[in-house]
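So the number in the working numbering is just where the residue sits in the sequence shown, counting from 1, plus 11. I have placed the structure first, in the form of structure tokens, so that the comments after it can refer back to it.
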Amino acid sequence: MIYYLVAIGFTGSVAISGSSVTWHKQRFNSQNYNTSNPKYFTIGDARIGASLVVSAIADGRNLAKYIHTNDFNQ
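Next up, the structure:
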């Protein structure tokens, strides 16, 4: 499986991997970083709003652990 990291900054991105995505309309699960689209996860400012960069780094590390310990091929 291939994972992509998209850095979208404060305002978000209108395209991710060729799909039109408006992150303001995504539903987020703060426990496991899922969005309403199972192919995408959210971390940092996109998940918690404008915050410190260390919060985004911590989110990235936690998401990496979550992805590493879960089998998404089921």
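Beta carbons: idealized from backbone N, C-alpha and C, even for Gly.
When the Cα atoms are used, F52 and V64 turn out to be separated by approximately 18 angstroms.
Distance between I78 and N45, taken at the CA atoms: about 11 angstroms. When DSSP states are grouped into helix, strand and coil, N73 belongs to the helix group. In this structure, the alpha-carbon of A67 lies about 10 angstroms from that of G60.
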